[in-house]
Structures are given as structure tokens and as C-alpha cells.
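Undergrad: Supplied in C-alpha cells, the structure appears directly below.
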Amino acid sequence: PPSPEPPCRYATGEFKSQPNPPNDAGEHVLIAAFVAPGMVYPVSRKPDYARPSDLTSSSKLKDRALQPQFNSHYAFVSAAHNYECMDGARDETIMDYDELVCEIPQQALPAYRLYFRKNLMRDLGLPPLLPA
Numbered sequence: 001p002p003s004p005e006p007p008c009r010y011a012t013g014e015f016k017s018q019p020n021p022p023n024d025a026g027e028h029v030l031i032a033a034f035v036a037p038g039m040v041y042p043v044s045r046k047p048d049y050a051r052p053s054d055l056t057s058s059s060k061l062k063d064r065a066l067q068p069q070f071n072s073h074y075a076f077v078s079a080a081h082n083y084e085c086m087d088g089a090r091d092e093t094i095m096d097y098d099e100l101v102c103e104i105p106q107q108a109l110p111a112y113r114l115y116f117r118k119n120l121m122r123d124l125g126l127p128p129l130l131p132a
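Shown next as C-alpha cells:
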């Protein structure tokens with residue numbers, strides 16, 4: 001089943017140099033949305049990485065416009081390999097999560113907001129979902 005950890009890490013700003021501050025109640029928010037991806041480009045290591053066999057190398061697509069004629073990019077991502085694309089879904093390789101990058105905001109229709117506290121699990125005496 002999908003893990004809540006990657007989206008929560010995005011919401012807290014863990015992947016940025018400056019984290020996102022929580023609201024006054026100590027909460028962060030995720031927006032769950034319905035998405036119309038349109039024509040989807042499947043990101044893969046061989047065509048989209050300068051050094052496909054170097055699993056920590058960055059994609060040639062990073063910080064660039066979407067591939068021509070496509071409305072979104074889709075990739076399986078590995079935390080162990082610097083949050084880069086991993087191939088092998090057909091070979092049952094287990095990915096950490098998948099990522100969809102859309103061309104325009106109108107492709108997503110917000111469905112609901114999910115508020116969470118980073119330390120809630122600790123406060124409840126449960127193992128953390130996110131690193132402290």
C-alpha cells in the first residue's frame with residue numbers, strides 16, 4: 001500500500017533548504033486531489049539520465065519543461081538513490097513511491113485537506129512515520 005511518508009515529507013519542506021513552518025496548531029497540511037494527467041511521459045533511466053547506471057545521478061529532465069506533446073511526467077522514485085527515478089517495475093522492483101509532475105495546475109482538482117503534526121505519533125506513544 002502507498003505510504004503517507006513521502007507526501008508528508010514534501011508538506012514539511014524536508015526536501016528544501018528551508019523547511020515549511022507549521023500553522024499555529026503545530027500542523028502541516030496535505031492537499032489530496034483528483035488529477036487528469038493527460039498524455040503521460042514515463043520517466044526512465046536510459047533515455048532520461050546522462051549516466052543511467054549511476055543510480056545517484058540526476059535526471060536530464062530536472063528543472064526543465066515537460067517533454068514535447070506530453071501533459072505530465074510519471075516516475076517511480078527511490079529514496080536510497082537520492083530520490084531519483086528507478087526502473088524495474090515490470091521486474092517487481094519495489095519503489096519507495098511514485099511521482100507525477102503535471103504541466104498546469106488545472107490538471108488537479110483538490111478533494112480535501114489532510115492536517116497532520118510531525119510529532120503526533122511520538123505524542124501518542126507510537127513509532128514515527130517521519131524522522132524527527
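With this note's numbering, the residue at position 126 of the sequence shown is 126, and numbering never jumps. For each residue, glycine too, the CB sits at the ideal point set by N, CA and C. The structure displayed is predicted, hence computed values, not measured ones.
1) By a C-beta neighbour count over all protein chains shown, 10 Å radius and 16 as the cutoff for buried, is R45 buried or exposed?
2) Any idea which residues DSSP pairs I31 with across the strands?
3) Assuming P4 and Y97 make a contact with CB atoms under 8 Å, what is their CB distance in whole Å?
4) With DSSP as the reference, identify every bridge partner of A75, one or two as the case may be.
5) Taking just the CA atoms, how far does N20 sit from G13?
6) Determine the extent of the alpha helix (DSSP H) in which P52 is found, giving its start and end residues.
7) Taking just the CA atoms, how far does Y83 sit from C8?
8) Could you check whether the Cβ of C85 sits closer than 8 Å to any heavy atom belonging to the ligand ZN?
9) Could you tell me the boundaries of the beta strand (DSSP E) in which Y41 lies?
10) Are the beta-carbon atoms belonging to Q22 and R113 less than 9 Å from one another?
11) Quick one: measure Cβ to Cβ for S72 and L100, integer angstroms, because I've assumed they're closer than 8 Å.
12) In three-state DSSP terms, what is A108?
TA: Taking the structure as given:
1) By one-based count along the sequence shown, residue 45 stands at place 45. Classification for R45: buried.
2) Within the sequence shown, residue 31 is the residue found at index 31, counting from 1. In DSSP, I31 forms a bridge with R113.
3) Numbered from 1 along the sequence shown, position 4 holds the residue referred to as residue 4. Numbered from 1 along the sequence shown, position 97 holds the residue referred to as residue 97. For a cut-off of 8 Å, the C-beta gap from P4 to Y97 is around 10 Å, too long to register as a contact.
4) Position 75 of the sequence shown, counted from the first residue, corresponds to residue 75. In the DSSP assignment, the residues bridged to A75 are E99.
5) Here residue 13 is taken as the residue at index 13 of the sequence shown, counted from 1. Here residue 20 is taken as the residue at index 20 of the sequence shown, counted from 1. A direct Cα-Cα distance of roughly 5 Å separates G13 from N20.
6) Along the sequence shown, one-based indexing puts residue 52 at 52. Per DSSP, P52 lies in no alpha helix (DSSP H) and is assigned neither H nor E.
7) Position 8 of the sequence shown, counted from the first residue, corresponds to residue 8. Position 83 of the sequence shown, counted from the first residue, corresponds to residue 83. Between C8 and Y83, the C-alpha separation is close to 15 Å.
8) Ligands in the displayed structure: none, and consequently the ligand ZN is not present.
9) As a first step, residue 41 is located in the sequence shown; it is residue number 41 there, counting from the start. 40-42 is the span of the beta strand (DSSP E), which, as asked, contains Y41.
10) The residue given as residue 22 occupies position 22 in the sequence shown. The residue given as residue 113 occupies position 113 in the sequence shown. For the record, residue 22 in the displayed sequence is Pro; it is not Gln. Not in contact: P22 and R113 (Cβ atoms no closer than 9 Å).
11) Within the sequence shown, the letter at position 72 stands for residue 72. Within the sequence shown, the letter at position 100 stands for residue 100. By a beta-carbon distance limit of 8 Å, S72 contacts L100. Their separation comes to about 6 Å.
12) Locating residue 108 in the sequence shown gives position 108, where the first residue counts as 1. It is a strand residue.
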